[in-house]
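Below is one structure; the comments refer to it alone.
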Ligand code: TPP
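Numbering (the working numbering), first residue to last: 8 to 581.
If you want it as C-alpha cells, here you go:
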C-alpha cells in the first residue's frame, strides 16, 4: 500500500501481517476486541482474508480445519482472557487431532499480570496454554515478531503437527520499529515440515513382516490423509492387493467403493488379520487400543494375534498400547514411497482365502445395507434421510462433508461414501461436539467448494449462531440438521414429570428459521423427497441453506455406537 511505502517506521500491527504474508498465510479466523480490533482492520485493508466469527471456539475450529485441509497452519486471533479461553478448546482439540494451527491472543502487560494488579482481562495466558498445545511462545518486543511467527509455524507443522499458542501483549502491536530493522527481523521459514526419511532397515523389517502375512490388513488414519501422499498410498495398496480400512477422516483417500476397501467387513478383518499396517493411525480408543475382543482376543483386556507395523512421524507412538513389531518412523509420503521402492512390482499375491472371506462378508453386509436404505418408512429415520445425503455426495464428490452428533455421526460415517481425499471433517479423536460450523466455514472459505454439514440437533446447537457468519460471507454451505428432538433421541422421560428429561429439546424446533433470520434459505424436510429437493437446490444455488430434517424421535441409541463407554450405576435401584 502507499501507506507502507511512506513509512519510515513500521509497527507491531504491520509486522505481524508482514510476517504472516511472507510465509504465504493469507487467511485469518478471528473475533475482534481489545487489543486486536485495529490489527484485524489493517489485515483486511492489507488484502488478507479475515473471517470474523461470533464465538472464538468456532474461529479456532476453523483454523484447525484449514490446517488439516491445506497442510499450512490455520491462524486464529482472539482477545485476552475470555476470548483466549474460548479459543483454547479448539487449540487443545487441534493438538489432540494433529491439526496444525496457531492461536494468537492479545494479552495484558507482563508487569501487571505478574504482580496480579488486576488489569482488564488479566490472565497468565502463556502458562495456561502451555500444557494444552504443542508449543507456546510470547513476544515482548515488536522486533521479535518475525522470530515468534517463524517458531510458531515450525512448531505447528513439523514432525507431528498440532496447535501452537502465540502470546502478543497489547503494547507489542503499537511499538514502532525502524523500517530497516523491521525488514531484517522477518523470517521466511524454509522447509517448515521437513521430510523424515525412514531408515532402510525399518523398511526391510516391515516388508519382511508383510511378506510372511496370510491375512494382512492396512489401516489408514487421518495422518495418512493429511500427508497429501495420495498417489503413493494408492499405488502401494493396489500393488500389494492388501485389503484396507479407512478411519473416519481417511475416508475418500481411496474412494470408499474401491474393491479393496474392507469397511463393510470391519469387525471381521480386525478380529482375523495377522499382520496389520497402521498408516498415520494411532492405536487409541477408536481402535480399541489394539487389543480385546475387537482384535479377536478371548477377553476384553487380552491381546490378539496381530503383529503390527506402524508408520508414524512420531518416534514415541509405537508401543503406546500394544507391542509394535515393525515401527516405521518417518513422514507418510517418504515411508510409503520407500515401501513402494522396496516391493517393486508387488509382494506376491494376498492369499485368496483371506480376500475371498472378506468379499463374502462385504457382499452380505452391503446387500443388507442396500435393503435398509431402500426402505422408505412413513416417518423419516436416519437411514432414509442419509440415503439422500449418500446419493448427493456421490453426485458431488468434491463437496466437503462436515459431520457431528452421536447417531448422526455414526450412521453418516457408515452410510455416506466418500470419493476424494480430505473431504470428510468430523469430531475426530475426542468425539467433540461444536466443530460443525467452524469446520464448515473453513472448508468453504479456503477451498470455495460446496460444504454439506450433517449435524445432530444437539451437535448443531454448539455452534449454531455461526449461521450468521455463513450468511454474512455468503458461503456455499448447506446444513442438514437431523432433528429428532433431543440428544441421542427425543423420547426420554423425566420420572418426576415436572420438566422435560435431561436429553430432550423443544419438540419440532424450527432450526430452518435460524438461517432465515439472517437472509439464508431455510427448509423443513419431512421425507426423503423433500430433503433431496432442498439439497439439490442448495447445491445449484450455492446459497447458505439450513434443512431441518425431521427424523423419527425414537430413532437412534444412547451415545450412538459408544454406549458401552457410559458408566453404569453400581447402586442397585430400590
Ligand atoms: N460436549 C462436548 C463438547 N462433546 C461431547 N461429545 C458431548 C458434550 C457429549 N455428547 C456426545 S454426542 C452428543 C453429546 C452432547 C449429542 C448427540 O445428540 P445429537 O447431536 O442430537 O445426535 P443424535 O444422536 O441425535 O444423532
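Glycine included, C-beta positions come from ideal geometry on N, C-alpha and C. Model, not experiment: these values are computed from the prediction.
Handout entry: Buried or exposed (CB count within 10 angstroms, at least 16 for buried), residue 292
Key = exposed
Exercise for the section: Can you tell me which of the three DSSP states residue 527 falls into? Expected result: coil
Exercise for the section: Compute the minimum distance between the beta carbon of residue 593 and the heavy atoms of the ligand TPP, and state whether it is under 7 Å. Expected result: Any question about residue 593 goes unanswered here, given that the chain covers just 8 to 581.
Handout entry: Cutoff 6 Å; reference residue 36; Cβ partners in own chain excluding five residues on either side
Key = 58, 66, 69, 70, 83
Problem - First through last residue of the alpha helix (DSSP H) which encompasses residue 418 - result: 414 to 422
Practice task
Would you kindly check if the distance between the Cβ of residue 76 and the Cβ of residue 454 is under 8 Å?
Solution key: yes
Exercise for the section: Could you tell me the boundaries of the alpha helix (DSSP H) in which residue 376 lies? Expected result: 359 to 381
Handout entry: residue 414: CB within 7 Å of a non-hydrogen atom of the ligand ADP
Key = The ligand ADP is not part of the structure shown, which contains the ligand TPP as its ligands.
Exercise for the section: For my contact list, residue 451 and residue 482 are in at a C-beta cut-off of 8 Å; report their separation, rounded to the angstrom. Expected result: 4 Å
Exercise for the section: Measuring alpha carbon to alpha carbon, tell me which of 384, 306, 228, 263 ends up nearest residue 319. Expected result: 228
Practice task
Please indicate yes or no: does the CB of residue 466 lie closer than 7 Å to some heavy atom of the ligand TPP?
Solution key: yes
Practice task
Specify the secondary structure class of residue 44 as computed by DSSP and reduced to three states.
Solution key: helix
Problem - Residue range of the beta strand (DSSP E) that includes residue 433 - result: 431 to 433
Problem - residue 57, enclosing alpha helix (DSSP H) - first and last residue - result: Segment 56 to 59 is the beta strand (DSSP E) holding residue 57; no alpha helix (DSSP H) there.
Practice task
Would you list the one or two residues that DSSP bridges to residue 561?
Solution key: According to DSSP, which records beta bridges pairwise, residue 561 is partnered with nothing at all.
Practice task
Could you tell me whether the Cβ atoms of residue 552 and residue 562 are closer together than 8 Å?
Solution key: no
Exercise for the section: Answer yes if the segment 370 to 389 comes into contact with the segment 244 to 262, meaning at least three C-beta pairs across the two stretches below 8 Å, and no otherwise. Expected result: no
Handout entry: Closest by C-alpha distance to residue 288, when choosing among 234, 96, 303, 274
Key = 234
Practice task
Name the residue from 146, 93, 170, 392 whose alpha carbon lies nearest to the alpha carbon of residue 108.
Solution key: 170
Practice task
Inspect the CB distances between the segment 434 to 451 and the segment 392 to 404 and report whether three or more fall short of 8 Å.
Solution key: no
Practice task
Can you grab the Cα-Cα spacing for the pair residue 436 / residue 105, in whole Å?
Solution key: 10 Å
Exercise for the section: Kindly list the residues whose CB is nearer than 7 Å to the CB of residue 500, restricted to its own chain and excluding five residues on each side of it in sequence; keep chain order. Expected result: 508
Problem - Contact test: residue 463 Cβ vs the ligand TPP heavy atom, cutoff 7 Å - result: yes
Practice task
Whole angstroms is fine: what's the gap from residue 85's alpha carbon to residue 61's?
Solution key: 11 Å
Practice task
Give the secondary structure of residue 235 by DSSP, where H, G and I count as helix, E and B as strand, and everything else as coil.
Solution key: coil
Practice task
Kindly examine the ligand TPP and report whether one of its heavy atoms sits closer than 7 Å to the Cβ of residue 563.
Solution key: yes
Practice task
With DSSP collapsed to three states, give me the class of residue 104.
Solution key: helix
Practice task
Whole angstroms is fine: what's the gap from residue 583's alpha carbon to residue 192's?
Solution key: Past the edges of the chain, shown from 8 to 581, lies residue 583, and the structure says nothing about it.
Exercise for the section: Assign residue 469 to one of three DSSP states: helix, strand, or coil. Expected result: coil
Problem - Neighbourhood of residue 520 by C-beta, 8 Å cutoff - its chain only, sequence neighbours within 5 removed - result: 529
Exercise for the section: Pull up the distance between the alpha-carbon of residue 281 and that of residue 346, whole angstroms please. Expected result: 19 Å
Exercise for the section: Taking only the alpha-carbon atoms, compute the straight-line gap between residue 497 and residue 578 and give it to the nearest angstrom. Expected result: 26 Å
Handout entry: Inter-residue CB distance, residue 159 and residue 42 (contact presumed, cutoff 8 Å)
Key = Rounded, the Cβ-Cβ distance is 18 Å, inconsistent with contact.
Problem - residue 441: CB within 7 Å of a non-hydrogen atom of the ligand TPP - result: yes
Practice task
Compare the Cα-Cα distances from residue 258 to each of 340, 405, 120, 89 and report the closest residue.
Solution key: 405
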